[in-house]
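Written out below as structure tokens is the structure these notes cover.
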Amino acid sequence: MKKKAGKIISVGVAAAMLTSIVSGCGNSTGANNAGTESTSEISEDNNVTGSYENMEISKTVKLSLSDAQKFNDTNGDGYGEFQGWGTSLCWWANRVGYSEELTAQTAEAFFNLEKGLGMNIGRYNVGGGDNVTDENAPFYHEPHIKRSDSVVPGYCVDVTKVDLSNNSKDYYVDNYARVDFDCGYAWNYDWDADANQMNVLKAAADAAKDEFIAEAFSNSPPYFMTVSGCSSGGEDPSVDNLREDSYTAFACYMADVIEHWMQEGVITFQSVDPMNEPATSYWGAHSEKQEGCHFSQGESQSRILTALNAELQNKGIDMIICGTDETSIEAAIMSYKSLSEEAKEVVDRIDTHAYEGTQRDMLKKIAEESGKNLWMSEVDGTYSIGKKDTGMQAALGYSEQIIKDLNGLMPTAWIMWDAVDVHVDSKNEFDTCTRQQADEIVSTGTPFWGIAIADHDAKELLLTKKYYAFGQFTKFIRPGYTLVGVDDKANTVVAAYDPENEKVIIVAMNTNVDDVKWEFDLSDFYEAGEDIGIVATRTSGTMADGENWADVTDKVAMEFGEDKASFSAVLKGSSITTFEIDKWY
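Using mature numbering (1 follows the signal peptide of the UniProt record, and there is no 0), the letters of the sequence shown correspond one by one to residues -24 to -1, 1 to 561.
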């Protein structure tokens, strides 16, 4: 490991030369300029002997290496390897991808590590589409989705019902890209149909570079494969909407899309899930919201997973198949348990959403015992903790969800839903948020879905405290690190370890309005007397006068414990602080 600039410090001495390497982003008011390095020393001249001198330690948090993440140990060192942070690309990528300006801004803000969050996972939605334009074609119905972003195009065009009384089988094979005689339909592909989402996917991959991971998933099969003829769901949303004759057809569709973009050299998907929250009864025909499809637990879910695996194998595509992206932790447990043995063999990773449920430890145990990897693949909401005037209520609420999922599941990825869920566009009837309202959300920290807002009139991405709170995790807990246990039942602390460089990351959240002083026990990682350095980065306050990824190394009154590997620090009221602890050589 390269020796750091500055002075080597000792655990037993309450002084440290600390080097900050954190760069700013966007309209951050408290962050350093990109590429700037600063040094500061904890001494008698700062807060150690200042206003915090007599503050008592109110909590001690011990980090446990014996309770380290086990999933995805690819190098056999005994430590599971975190794979990264991400977002679903639907629906925001479908919405902003028409604009070069917004595509570039979102790619940088979300996926660039130096200038933004450093997310490295994008979940690409393979749309099912609907026939809402051609009254003479199968399954025509009136447009019904009333969002500006969630009409995700499907790739199937020229959809034609097979009629062997008028045409031979060879006719359909020769004139269409794909024909399925069991399903009873033939179709071609328009590979430009989903240009907006693909524009963002490519830009995200470029921004995240070699760390980028792409996952393909489906909300619904193509409309003509469904019972209702509508990709928003069934007439009865509690009944399977994929027709009995169309399992292979749907599997072929997913495999064709994956193969096409791989052969074009655009993207190689690492993983795929053909279902989204399938065991719920959310998905009704002609919904105003989105695509969706019910797959019953057990046989139905097993059939599509094994059918997809067969089609990928037919194409010689080796990729991770995951499932079943249920909306709750408990539903994920039941869905996996209900799969056939063949389907369980097919599934390499359990993907779960975390909107509902509490049995995180049980799902973690099931995944470990089954030898499966585990992702938290979707969650978001109008989280809120604390008083409105702090500006941090949405940021703290969001951070609590992240900490709760990481500590409870210890997944190898944490992926949010729609990174941009609110849009300002005076020319679109479905975008009702005004710029004034958007600015109010940003300035007050009002809870909302997403971490940023897109202003299509100004071609501007508006960043929020929720965005900067997310960065307190994403910029520091990186792929290859391993999550480690913390004895903090309040879900205010999460920690990770980089075994290669003997580096510890602690993210600590103070939801109280008042400052607090906490102690962190590092004895599982460093021996007493070892030389370590610590850098502290913090987000707090409002967008107007608060901190965003600010170097606060000399403002948190860090003190090392006597003859043991521990340190204490003051956590500002209503703040999130990340500590980077490095062993110095």
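Note that CB positions come from ideal geometry on N, CA and C, so glycine has one too.
- According to the DSSP secondary-structure assignment, Leu438 is paired through a beta bridge with Ile429.
- Contact between the stretch 94 to 108 and the stretch 120 to 133 is present: 3 or more CB-CB pairs across the two stretches fall below 8 Å.
- Residue pairing by DSSP places Ile378 in no beta bridge whatsoever.
- Only residues of its own chain outside the window of five on either side were considered, and among them Gln273 have a CB closer than 7 Å to the CB of Met310, listed in chain order.
- Between Lys35 and Trp494, the C-beta gap is smaller than 8 Å, which places the two residues in contact.
- Taking C-alpha positions only, Thr553 is separated from Val462 by approximately 16 Å.
- Under the three-state reduction of DSSP, Phe449 is assigned to helix.
- Within the DSSP secondary-structure output, Ser64 pairs in a beta bridge with Arg99 and Asp394.
- Per the coordinates, the alpha-carbon of Met485 lies some 25 Å from the alpha-carbon of Ile97.
- The Cβ atoms of Phe271 and Met251 lie closer than 8 Å to each other.
- By the C-beta criterion, the stretch 65 to 78 is judged to be in contact with the stretch 155 to 175, since at least 3 inter-stretch pairs fall below 8 Å.
- Here Ala434 is exposed. Its C-beta has fewer than 16 other C-beta atoms within 10 Å.
- With respect to the C-alpha of Asp139, the residue from Gln335, Cys159, Met295 and Ser516 having the closest C-alpha is Cys159.
- The C-beta of Gly54 has fewer than 16 other C-beta atoms within 10 Å across all chains shown, which makes the residue exposed.
- Using a Cβ distance threshold of 8 Å, Ser263 and Gly209 count as a contacting pair.
- Assignment of Val470 by DSSP, reduced to helix, strand and coil, places it in the strand class.
- One thing to note: Pro197 has its Cβ no nearer than 8 Å to the Cβ of Ser214.
- Per DSSP, the continuous alpha helix (DSSP H) segment holding Leu288 begins and ends at Glu275 to Asn290.
- Note on Val489: under 16 other CB atoms within 10 angstroms of its CB, so exposed under the neighbour-count rule.
- DSSP, read as helix, strand or coil, puts Ala370 in helix.
- Comparing alpha carbon positions, the residue from Lys340, Tyr443 and Gln335 closest to Asn524 is Tyr443.
- If you look at Met238, you'll find it in the alpha helix (DSSP H) that goes Tyr223 to Gln239.
- In this structure, the straight-line span from the alpha carbon of Tyr502 to that of Lys348 is close to 31 Å.
- Met519 sits in coil when the DSSP states are folded into three classes, being neither helix nor strand.
- The alpha-carbon separation between Phe424 and Ala466 amounts to approximately 23 Å.
- Distance check between Gly62 and each of Trp390, Thr487, Phe555 and Ile429 places Trp390 closest, using alpha-carbon atoms only.
- In its chain, beyond the 5 residues on either side, Glu57 have a beta carbon closer than 8 Å to the beta carbon of Thr50.
- For Ala190, the three-state secondary structure derived from DSSP is strand.
- With fewer than 16 other beta carbons inside 10 angstroms of its own, Asp521 counts as exposed.
- Taking each of Ala179, Phe496 and Thr410 in turn and checking the Cα distance to Ile243, the smallest one comes out for Ala179.
- Short of 6 Å from the beta carbon of Val469, and not among the five residues preceding or following it, lie these beta carbons of its own chain, in chain order: Val37, Val462 and Ala484.
- Assignment of Lys137 by DSSP, reduced to helix, strand and coil, places it in the strand class.
- With a cut-off of 8 Å on Cβ pairs, the stretch 436 to 456 is in contact with the stretch 361 to 375, counting three or more such pairs.
- Nearest in C-alpha terms to Asn107, of all of Thr202, Ile33, Glu416 and Ser64, is Thr202.
- As summarised for the stretch 145 to 223, the continuous beta strand (DSSP E) elements at least 3 residues long and confined to that stretch are 154 to 156, 161 to 165 and 189 to 193, given in chain order.
- Counting only runs of 3 or more residues that sit fully inside the stretch 33 to 92, the beta strand (DSSP E) segments are 35 to 40 and 60 to 64, in chain order.
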